[in-house]
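If you're matching positions, the sequence shown starts at 6 in this note's numbering and goes up one per residue.
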Amino acid sequence: MKAYYANPELNTLSQEEIRIFQEKRLAPQLAYCYERSAFYRRKFDEIGLKPQDVKTLEDLRALPVFMRKDDERKNILESLEKENHTFGTHVCAPVEDIYLTGTTSGTTGIPTFSYTFTKNDVELFSQGLGHRFHLHGAGKGDRVLFIFALGIYATTMTLWGIRRFGALPIDIDARAGSEFMLRMADQTKPHYMACTPSLAEYLIGKSADVIGKSVRDLKLKGVFLTGEIGISIPELKSKLESAYGCRTYDYWAPAGHSIAVSCDADDYYGLHSVSPDLCTSFDDLIDPDTKKPVKIEDGAIGEMVITSLKREACPLIKYAYGDVVQVFTSPCPNCGFPGKRLKLIGRSDDMLIVKGVNVYPAAIKEIVAGFTPRVTGEMRIVLDQAPPRVVPPMKLKLERGSSVRDPELKGLAAEIEKALHERLKIRPVITWVEPGTLEKTTRKTPVFEKAY
Ligand SMILES: [Zn+2]
């Protein structure tokens, strides 16, 4: 199946015409934010510009970052104190018009309500969010087993998207535990499943014990994965696809923006940007260290900066959400999708700098995972001082695979060191530990061990 845009109007436009389409939406969005939010007005005033001075994507890229997670939290504390609501001083719609809200888990501070929508927002964004499932066949008559920590969390909005295309989400709270999930999977006969990659991987080993059959016997037509770096790791993609007996897809929408999904292929060609009419994040990257704009070209790496193009409740302008990505501007070699694609590289706050080179733990983990089963894939980066600077050589602690014999370890370390040097330009020193020694982390968790 060839990937295409969620908004049918875009499917007839060239890339140049899509840029013009985005720029037509940019000016009214910026003017709306300036008019309605004290926070955004202050941000424009600080740089001495008015919204009408920002006409093109090039103008937008040249602006400094307006907001990071910490600023969003400050805005929320301010709105709680002064306006008695939790949506932040960047809220632009009247609070009584908010129709749906979702938050992050708040593991590193107070939860932020980045997933806050008016009724119009829900109408517009559910089109893009649901398109990612519909593109791969989920429609009328299909049931989608949807397993996340539910309640008021970020993933909630996606349920509206799934319903919009006629499919029925069976929303299961991941906190109910794997036994409950598998029993529900067995009983509700879903056609698709959506969850995190680490949960999909975990269920493979649990299934036979709980429901007396393998996950393949669930006969799913597809598994949708989000929340962590996942099937961009080829070993994980093939492990999941052979266990479930169906295709896996990666999907993504931080803060409900940058809506993207991978295409149907044996190899991985990145998250395809299917709703560029809703935000400009695939067109705005900065260097996570210097904060300078990064030129958008095929293979460019940088921290993504989100700007909404048509959002009422809590539009985002120049919001650096912390995701470091690699953008591809060439058409997809698999399906021919003409728009931008991206690969998640890591989080800007996990970034390390080794001799001037930016290195992301997730990228190291991906390369190390390529050596399974000779390694387990679990690893730690031992830091002698607070990140991001690392005095070389970087120290890497890896779990050996259970079948590897002692005399083979030296050669294996040399192979991994060579791969890391070729692909990431680092030359770490590897020490080995026994399998099962390191606590298992998800692909989202940083893998640091502090020795300082
Ligand atoms: Zn493709």
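All C-beta atoms, glycine included, are put in the ideal place defined by N, C-alpha and C.
Treat the numbers as computed from the prediction; the structure is a model and nothing was measured.
| Asked | Found |
| --- | --- |
| Among residues of its own chain, excluding the 5 on either side of R78, which ones have a beta-carbon nearer than 7 Å to its beta-carbon? | G114, I115, T117 |
| Taking 7 Å as the cut-off, is the C-beta of F229 nearer than that to any heavy atom in ligand 1? | no |
| From L414 to W437, what does the alpha carbon distance come to, in whole angstroms? | 8 Å |
| Based on Cα-Cα distance, which residue from R394, L241, A98, A367 lies nearest to R428? | A367 |
| Any heavy atom of ligand 1 closer than 7 Å to the CB of F333? | no |
| Does the region 144 to 153 come into contact with the region 170 to 189, if we say contact requires no fewer than three beta-carbon pairs (one atom in each stretch) closer than 8 Å? | yes |
| Can you tell me whether DSSP reads R385 as helix, strand or coil? | strand |
| Residues in its own chain within less than 7 Å of T121 by CB, not counting five upstream and five downstream? | F92, I103, T106, A318, C319 |
| Is any non-hydrogen atom of ligand 1 found closer than 7 Å to the C-beta of Y9, if you look at the structure I gave you? | no |
| Out of N339, K124, L357, which has the shortest C-alpha to C-alpha gap to F453? | L357 |
| Can you give, in chain order, each stretch of the beta strand (DSSP E) that sits fully within the region 216 to 251 and has at least 3 residues? | 227 to 230 |
| Please determine, among G341, Y365, V387, the residue with the shortest C-alpha to C-alpha distance to V330. | Y365 |
| Could you check which residue in T161, E240, V96, N363 has the C-alpha nearest to that of S353? | N363 |
| Determine the closest residue to K297 out of F287, T285, V310, G304, with distance taken between C-alpha atoms. | V310 |
| Does the beta-carbon distance from K242 to Y207 come in below 8 Å? | no |
| Within this structure, are the beta carbons of V332 and I301 separated by less than 8 Å? | yes |
| Have a look at R164 and D294 and give me their C-alpha separation to the nearest angstrom. | For the record, residue 164 in the displayed sequence is Leu; it is not Arg. Looking at the two C-alpha atoms, the distance is approximately 36 Å. |
| Less than 7 Å separating the Cβ of F342 from some heavy atom of ligand 1? | yes |
| On the criterion of 16 or more Cβ atoms from any shown chain inside 10 Å, does K224 qualify as buried, or is it exposed? | exposed |
| Mind checking K370: buried by the 16 CB within 10 Å criterion, or exposed? | buried |
| Quick one: Cα of I25 to Cα of T193, how far? | 46 Å |
| If we call anything under 8 Å between Cβ atoms a contact, is R432 one with P378? | no |
| Starting from the Cα of I372, find the closest Cα among D178, D355, A258, I234 and give me that residue. | I234 |
| State the DSSP-derived secondary structure class of S131, mapped to helix, strand or coil. | helix |
| Buried or exposed for D58, please, with buried defined as at least 16 other CB atoms from any protein chain shown within 10 angstroms of its CB. | exposed |
| Can you give the Cα-Cα distance for P343 and E439, rounded to whole angstroms? | 47 Å |
| Nearest-angstrom Cα distance between G210 and C268? | 27 Å |
| Please report the distance separating the alpha-carbon of P69 from that of L321. | 14 Å |
| Tell me whether Y254 counts as near ligand 1, meaning its Cβ is closer than 7 Å to at least one heavy atom of that ligand. | no |
| Among D282, F130, C200, A325, which residue has its Cα nearest to the Cα of R66? | A325 |
| With respect to the alpha helix (DSSP H) encompassing R46, which residues constitute its N-terminal and C-terminal limits? | 43 to 51 |
| Is any heavy atom of ligand 1 found at a distance shorter than 7 Å from the C-beta of N16? | no |
| Could you tell me the boundaries of the beta strand (DSSP E) in which H277 lies? | 276 to 278 |
| If we call anything under 8 Å between Cβ atoms a contact, is Y37 one with F49? | no |
| Here's the rule I'm using: 16 or more other beta-carbon atoms within 10 Å means buried, otherwise exposed. How should Y457 be labelled? | exposed |
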